[in-house]
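S.K.: In mature numbering (1 follows the signal peptide of the UniProt record, and there is no 0), the protein residues as written are -24 to -1, 1 to 630.
Glycine is no exception: its CB is placed at the ideal position from the N, C-alpha and C atoms.
Okay, here's the structure, questions in a sec.
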């Protein structure tokens, strides 16, 4: 019986996957797509001074995505960390997730400090529901001149739908049934509603609810409960000025069971439940203005993120004002930024004799960029940012980028940029020790801020529906922060005791040099007027050039990634896809700390599915994911993936 169900589900899923990835590729390669993240103002993709991809609303409607991380898996240069659901995180160009800046409508999401050792929650589970998203813009490469620290790898900007001038809404409910008994089924739903309250005032509401049963497999996905509710209230003060009030609440709850998804131990015997609850509350006020000589976007945001059981909490107050000033032959962008971080951690510090339970930090910045039209089709963008951190002083991060539209079909891009990232709050506290994966990590007050230099070049081609791009980049790090044993570091913590499972104490150090380089390729081909082929490929090579782990990979990133899909759209009501996603071998850098050399194996997952619009307001979706039932061994791979499963969903618009 399972094989019969699998064959049926497979037929549906093949159609679904083809549509899914092809749609994503169309969005990524459409040179006429308008984006705002690369320069802080509206531009077409081919004119943007950065390597940028876009996931459109149409793609989100067609695919079996449950959350934003699902949608990012086929973007070249982007790696979604292994696992399922809210344990996923986002990496760009071989850098760890903390080097990816996540924005929601241009506003920072900064809750990582409330999770010292990650666990099964991440930024990916604290994002807006898919029904509320208009598009997702992904900038690959350093954007520190506009966005400062945390943007060394790139930026993911999730742009939500505008408040509508008439009442409308949508909702979607999905269900997934595992074909293996030891993996949990899951359901999810989300909605969006927007319209005018009165003349000049509009309202938007959005929310989501996800539920997953826990696996009964060591290394599997635990039981999870994700909920979110957010709203916007917009005021049109005049034709040129708008005020927006926003508020949101996000919750992730994960329940691990010893002997099911985690190993048993002396402190966690068989059946012991461990709960992790992550809460995020956010409120902001924004102003958009047209002043005649310039346009402006300004906001003030308060964010409160808390790990409830661990009593870890980060409160961020962030403000920014960005002004775009059109001039005769150039466009000038200037702005300022302010951030105050307040960390409280009542249980994380395990250092005997220490009474430290938190810290604060203030930083601010000024930045400017100018796009100069040199010739017809040739533009040069130069930018500079000055960041002031109360602990690390002043950092200057310049960039220069050229865009040459050689012909209407061919564009050449390239540039140089510098970046920096200040250490996290806990990394530099001298009297601080915290646990992670069974070991203890101690702060290092001598840490320096990380800096980077990146060069990249890209060639884009678009003609008669055929789109292709190739991008090459090289990033060099100085003072890259990594983690080593206290003995290797020669740090004061060398005499601290081993953990309960025998792991040595570790601390953070700056390695002199590191390098990440790679190539990103994307092709989108119309085979017929109803069938499209899309393929992407990413090659990433990272290496620590000095330090305790010289020659080792910098982060847990596969050297090769690739995807290929067919998307069939015979009419406006039906679409189907089949997709294959390849993930190459990757070093487990956590194991390097203890001197081990673990490499996760490569694998390929095939999906397929279809969607049918019964009426303009009602659509059904179905498919099979991991059609060939690919499995991984937790002991050798370090993680698991869900086996073959059947997916069904319904969407309603009103």
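If you drop the 5 nearest sequence neighbours on each side, which residues of the same chain put their C-beta closer than 6 Å to that of residue 259?
M.R.: Looking up residue 259 in the chain shown gives position 283. 223 and 278.
S.K.: Which residues mark the beginning and the end of the beta strand (DSSP E) in which residue 464 is found?
M.R.: The residue labelled residue 464 in the question sits at position 488 within the chain shown. No beta strand (DSSP E) holds residue 464; the alpha helix (DSSP H) holding it covers 462 to 465.
S.K.: Here's a check: name, in chain order, each residue in its chain whose Cβ is nearer than 6 Å to the Cβ of residue 420, leaving out the five neighbours to either side.
M.R.: Your numbering for residue 420 matches position 444 in the chain shown. Result list for residue 420: 483 and 484, in chain order.
S.K.: Mind checking which residues open and close the alpha helix (DSSP H) that includes residue 35?
M.R.: Position 59 of the chain shown holds residue 35. First-last of the alpha helix (DSSP H) with residue 35: 33 to 38.
S.K.: Counting pairs of beta carbons, one from the region 365 to 383 and one from the region 114 to 125, are three or more of them closer than 8 Å?
M.R.: Judged by Cβ distances under 8 Å, the region 365 to 383 makes contact with the region 114 to 125, as three or more pairs qualify.
S.K.: Between which two residues does the alpha helix (DSSP H) containing residue 425 stretch?
M.R.: Stepping through the chain shown from its first residue, residue 425 is reached at position 449. It is not in any alpha helix (DSSP H) - residue 425 carries neither H nor E in the DSSP assignment.
S.K.: Under 6 Å Cβ to Cβ from residue 363, same chain only, skipping five residues before and after it: list those, please.
M.R.: On the chain shown, residue 363 is found 387 positions in, with the first residue counted as 1. If we look at residue 363 and ignore the five residues flanking it on each side, its Cβ neighbours are 124, 341 and 371.
S.K.: Since I believe residue 133 is in contact with residue 79 (beta carbons under 8 Å), could you give me their beta-carbon distance rounded to a whole number of angstroms?
M.R.: Within the chain shown, the letter at position 103 stands for residue 79. Within the chain shown, the letter at position 157 stands for residue 133. Indeed, because the Cβ distance is near 4 Å, the residues count as touching under 8 Å.
S.K.: Taking DSSP's pairing of strands, which residues face residue 347 in a bridge?
M.R.: The count along the chain shown starts at 1 and reaches residue 347 at position 371. BP columns for residue 347 point to 307 and 357.
S.K.: Could you check the C-alpha separation between residue 560 and residue 578 for me, to the nearest Å?
M.R.: If you number the chain shown from 1, residue 560 lands on position 584. If you number the chain shown from 1, residue 578 lands on position 602. Rounded to whole angstroms, residue 560 to residue 578 spans 4 Å at the Cα level.
S.K.: When burial is assigned at 16 or more other CB atoms within 10 Å of the CB, is residue 177 buried or exposed?
M.R.: Counting from 1 along the chain shown, the entry for residue 177 is found at position 201. Its Cβ having fewer than 16 others within 10 Å, residue 177 is exposed.
S.K.: Would a C-beta distance cut-off of 8 Å place residue 315 and residue 126 closer than the cut-off?
M.R.: As a position in the chain shown, residue 315 is number 339, starting the count at 1. As a position in the chain shown, residue 126 is number 150, starting the count at 1. Their beta carbons are not under 8 Å apart, which means residue 315 does not touch residue 126 by this criterion.
S.K.: Out of 21, 249 and 11, point me to the one whose CA is closest to residue 385's CA.
M.R.: Taking the chain shown and counting its residues from 1, one reaches residue 385 at position 409. The shortest C-alpha separation from residue 385 is found at 21.
S.K.: Starting from the Cα of residue 137, find the closest Cα among 169, 427, 196 and 248 and give me that residue.
M.R.: Within the chain shown, residue 137 is the residue found at index 161, counting from 1. When only C-alpha atoms are compared, the closest one is 169.
S.K.: Extract the residue ranges of the beta strand (DSSP E) inside the region 200 to 267, only unbroken runs of 3 or more that lie entirely within it.
M.R.: As far as the region 200 to 267 is concerned, its whole beta strand (DSSP E) runs of at least 3 residues are 217 to 233 and 249 to 266.
S.K.: State whether the region 441 to 455 contacts the region 489 to 501, with contact taken as three or more CB pairs (one from each stretch) at a distance under 8 Å.
M.R.: A contact exists between the region 441 to 455 and the region 489 to 501.
S.K.: Hey, residue 160 and residue 107 are a contact pair by Cβ (cut 8 Å); roughly how many whole angstroms apart?
M.R.: Position 184 of the chain shown, counting from 1, holds the residue named residue 160. Position 131 of the chain shown, counting from 1, holds the residue named residue 107. Contact flag wrong, Cβ pair sits at about 24 Å.
S.K.: Helix, strand or coil for residue 393? Go by DSSP, reduced to three states.
M.R.: As a working mapping, residue 393 is identified with position 417 in the chain shown. In the structure shown, residue 393 sits in a strand (DSSP, three-state: E or B).
S.K.: Are the CB atoms of residue 150 and residue 40 nearer to each other than 8 Å?
M.R.: The residue you call residue 150 lines up with position 174 of the chain shown. The residue you call residue 40 lines up with position 64 of the chain shown. A contact, by the Cβ cut-off of 8 Å.
S.K.: Can you give the Cα-Cα distance for residue 266 and residue 216, rounded to whole angstroms?
M.R.: Counting from one through the chain shown, the residue named residue 266 turns up at place 290. Counting from one through the chain shown, the residue named residue 216 turns up at place 240. Using only the alpha carbons, I get a separation of about 5 Å.
S.K.: Considering Cα atoms alone, identify which of 232, 227, 306 and 109 is closest to residue 281.
M.R.: Walking along the chain shown from the start, residue 281 turns up at place 305. When each option's Cα is compared against that of residue 281, the closest is 227.
S.K.: Kindly give me the distance between the Cβ atoms of residue 295 and residue 236, rounded to whole angstroms, as I take these residues to be in contact under 8 Å.
M.R.: Position 319 of the chain shown holds residue 295. Position 260 of the chain shown holds residue 236. With 8 Å as the limit, residue 295 and residue 236 do not qualify as a contact, their Cβ atoms being about 45 Å apart.
S.K.: Enumerated in chain order, which unbroken segments of the alpha helix (DSSP H) with a length of 4 residues or greater are wholly contained in the region 54 to 126?
M.R.: Runs found: 120 to 123.
S.K.: Spatial neighbours of residue 349 within its chain, please: C-beta separation below 8 Å, excluding the five flanking residues on both sides.
M.R.: Working through the chain shown from its first residue, we reach residue 349 at position 373. Counting only Cβ-Cβ distances below 8 Å, and skipping sequence neighbours, we find 305, 306 and 355.
S.K.: Using only alpha-carbon positions, find the residue among 595, 47 and 91 that is nearest to residue 319.
M.R.: Here residue 319 refers to the residue found at position 343 of the chain shown. Checked all of 595, 47 and 91; the closest Cα to residue 319 is 91.
S.K.: So, helix, strand or coil for residue 287, using DSSP?
M.R.: Counted from its first residue, the chain shown places residue 287 at position 311. DSSP places residue 287 in coil when its eight states are reduced to three.
S.K.: Smallest Cα separation from residue 585: which of 608, 627, 618 and 542?
M.R.: In the chain shown, the residue the question calls residue 585 occupies position 609. Residue 542 is the option with its Cα nearest to residue 585.
S.K.: Return the bridge partner residues of residue 364 from the DSSP annotation.
M.R.: Walking along the chain shown from the start, residue 364 turns up at place 388. Per DSSP, 340 and 370.
S.K.: Here's a check: name, in chain order, each residue in its chain whose Cβ is nearer than 8 Å to the Cβ of residue 562, leaving out the five neighbours to either side.
M.R.: Here residue 562 refers to the residue found at position 586 of the chain shown. Excluding positions up to five away in sequence, the list reads 529, 532, 533, 534, 535, 575 and 576.
S.K.: At the level of alpha carbons, what is the spacing between residue 607 and residue 196?
M.R.: Here residue 607 is taken as the residue at index 631 of the chain shown, counted from 1. Here residue 196 is taken as the residue at index 220 of the chain shown, counted from 1. Each residue's alpha carbon lies about 12 Å from the other.
S.K.: By the DSSP assignment, the beta strand (DSSP E) with residue 418 in it spans what residues?
M.R.: Your numbering for residue 418 matches position 442 in the chain shown. Element bounds for residue 418: 415 to 418.
S.K.: Have a look at 330, 156 and 345 and flag the residue whose alpha-carbon is nearest the alpha-carbon of residue 601.
M.R.: Working through the chain shown from its first residue, we reach residue 601 at position 625. Answer by Cα proximity: 156.
S.K.: At which residues does the beta strand (DSSP E) containing residue 487 begin and terminate?
M.R.: For the purposes of this step, residue 487 is taken as the residue at position 511 of the chain shown. Residues 482 to 502.
S.K.: Could you spell out where the beta strand (DSSP E) holding residue 613 opens and where it closes?
M.R.: Start at 1 with the first residue of the chain shown, and residue 613 comes out as number 637. First-last for residue 613: 610 to 613, but that is the alpha helix (DSSP H), not the beta strand (DSSP E).
S.K.: Work out the CA separation of residue 418 and residue 406 for me, nearest whole Å.
M.R.: As a position in the chain shown, residue 406 is number 430, starting the count at 1. As a position in the chain shown, residue 418 is number 442, starting the count at 1. Those two C-alpha atoms are separated by around 8 Å.
S.K.: Exposed or buried, which one is residue 594 when buried takes at least 16 other CB atoms within 10 Å?
M.R.: For the purposes of this step, residue 594 is taken as the residue at position 618 of the chain shown. Residue 594 should be labelled exposed.
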